[in-house]
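Report on one structure; see the data block that follows.
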Amino acid sequence: MKLSVLRSTTDGSASLYLSVDDRLVSVDALAAAYGAPELAGLADVGELLRRGDVVHTRLRDLAPRAQDLEAVAGPVSYAPPVVDPAAVVCVGLNYDAHIAEAGRTRPERIVLFAKYASSLTGHNEPVLKPAWTHELDYEGELAVVIGRTASKVSPTFAMDYVAGYTIMNDISARDLQRAEPQWIRAKASDSFAPVGPVFVDIDSAPAIDDLIVRTTVNGELRQNESCRSMITQVPELIAHISQSMTLRPGDIIATGTPAGVALGMAEPVYLRHGDVVSVSIEGIGELVNTVVDA
Ligand code: MG
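Here the sequence shown stands for residues 0 to 293, numbered as in the working numbering.
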């Protein structure tokens with residue numbers, strides 16, 4: 000099951016859609032057609048997950064029938080799959096080749112930082128480049144969406160708490176990241192976390208080891224590495240994070256970026272107004288955003 004969240008072109012409100020063979024079918028329409036009021040009125044994947052396992056399973060069961068329903072026609076506006084997550088936890092320095100290109104050594108501890116709901120933006124929405132940065136960079140990443148409240152879980156059971164996957168571009172202002180000891184502004188400014196456009200339910204998702212993160216800038220391949228190369232794998236990340244903070248349904252974990260960012264180039268070519276960045280993971284989707292001077 001694949002889900003996307005679209006914004007109404009009239010009032011900007013978000014609602015949940017099934018993504019079926021490049022068609023988008025309203026979950027509200029599915030709920031009405033098949034008498035499933037528990038699925039009505041869902042704004043996003045976060046709200047679906049907060050309604051609990053029974054409702055989530057009901058949507059999984061009904062999803063194949065979306066093929067018989069009418070799809071959205073005309074242009075659409077994507078919101079993040081989770082519009083307002085309580086936590087967006089990001090993992091830094093989780094691939095050896097990226098650590099090397101950044102001129103660093105493998106950290107003794109897992110590096111975590113945070114973004115906010117206000118950092119998120121949708122597929123095809125602009126990434127706003129503030130005038131205060133001259134070193135805006137991309138980081139294509141696999142993002143994990145938490146499905147159930149997770150506190151102090153063990154790695155053995157950690158995957159039971161994963162609802163599914165999406166894609167995040169961890170936009171990073173390198174000059175500010177160097178200048179300020181906390182990465183909050185460098186990493187969590189408005190629009191610095193494009194996410195989506197598709198949420199893939201864990202039930203139908205490929206194994207993480209089979210996922211490859213590919214990033215292009217204006218069509219030029221920059222990143223191309225398997226998620227298998229993560230230093231700390233997803234179960235261990237969830238176990239580690241949940242030792243200190245309770246993860247809730249809809250929370251997002253960005254799992255770190257592979258090599259190939261601008262920072263790692265001999266002569267870095269940072270993002271400029273008009274650049275088009277695509278992050279794709281086969282089996283999940285393709286997230287495309289254009290950089291725009293703010
Ligand atoms: Mg990152």
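Glycine residues also receive a C-beta, built at the ideal position from the N, C-alpha and C atoms.
Check whether the Cβ atoms of residue i and residue j sit closer than 7 angstroms, and answer yes or no.
i: residue 127; j: residue 76; result: no
i: residue 224; j: residue 257; result: yes
i: residue 92; j: residue 80; result: no
i: residue 193; j: residue 123; result: no
i: residue 286; j: residue 166; result: yes
i: residue 164; j: residue 130; result: no
i: residue 239; j: residue 109; result: yes
i: residue 71; j: residue 23; result: yes
i: residue 0; j: residue 200; result: yes
i: residue 251; j: residue 142; result: yes
i: residue 297; j: residue 38; result: Coverage of the chain is limited to positions 0 through 293, which leaves residue 297 absent and any answer about it impossible.
Spell out the partners DSSP gives residue i in its beta bridges.
i: residue 12; result: According to DSSP, which records beta bridges pairwise, residue 12 is partnered with nothing at all.
i: residue 200; result: 163
i: residue 22; result: 19
i: residue 288; result: 276
i: residue 136; result: 171
i: residue 128; result: 292
i: residue 229; result: 94
i: residue 112; result: 89
Nearest to residue i by alpha carbon, out of the options?
i: residue 137; options: 264, 214, 11, 79; result: 214
i: residue 90; options: 230, 293, 50, 194; result: 230
i: residue 65; options: 25, 262, 94; result: 25
i: residue 102; options: 265, 276, 17, 161; result: 265
i: residue 292; options: 115, 270, 110, 4; result: 270
i: residue 45; options: 4, 60, 12, 21; result: 4
i: residue 88; options: 23, 12, 1, 115; result: 115
i: residue 278; options: 113, 169, 70; result: 169
i: residue 207; options: 57, 254, 70; result: 254
i: residue 301; options: 199, 148, 220, 184; result: Absent from the model: residue 301. The displayed extent of the chain is 0 to 293, so no value can be given.
i: residue 176; options: 60, 135, 161; result: 135
i: residue 74; options: 113, 8, 100, 95; result: 8
i: residue 100; options: 68, 276, 260, 186; result: 260
i: residue 11; options: 78, 221, 20; result: 78
i: residue 241; options: 202, 160, 34; result: 160
i: residue 244; options: 113, 34, 94; result: 113
i: residue 219; options: 183, 276, 227, 232; result: 276
i: residue 68; options: 228, 118, 32, 94; result: 32
Kindly give me the distance between the Cβ atoms of residue i and residue j, rounded to whole angstroms, as I take these residues to be in contact under 8 angstroms.
i: residue 36; j: residue 30; result: 6 angstroms
i: residue 249; j: residue 85; result: 7 angstroms
i: residue 280; j: residue 211; result: 7 angstroms
i: residue 15; j: residue 48; result: 11 angstroms between Cβ atoms; not a contact.
i: residue 62; j: residue 111; result: Wrong, their Cβ atoms sit about 34 angstroms apart, outside the cutoff.
i: residue 217; j: residue 274; result: 6 angstroms
i: residue 132; j: residue 172; result: 4 angstroms
i: residue 60; j: residue 40; result: 19 angstroms between Cβ atoms; not a contact.
Just mark residue i as buried or exposed, buried being the case when its beta carbon has 16 or more other beta carbons within 10 Å.
i: residue 188; result: buried
i: residue 301; result: With the chain covering only 0 through 293, there is no way to say anything about residue 301.
i: residue 52; result: exposed
i: residue 156; result: exposed
i: residue 140; result: buried
i: residue 55; result: buried
i: residue 268; result: exposed
i: residue 58; result: buried
i: residue 97; result: buried
i: residue 181; result: exposed
i: residue 185; result: buried
i: residue 162; result: buried
i: residue 221; result: buried
i: residue 178; result: exposed
i: residue 118; result: buried
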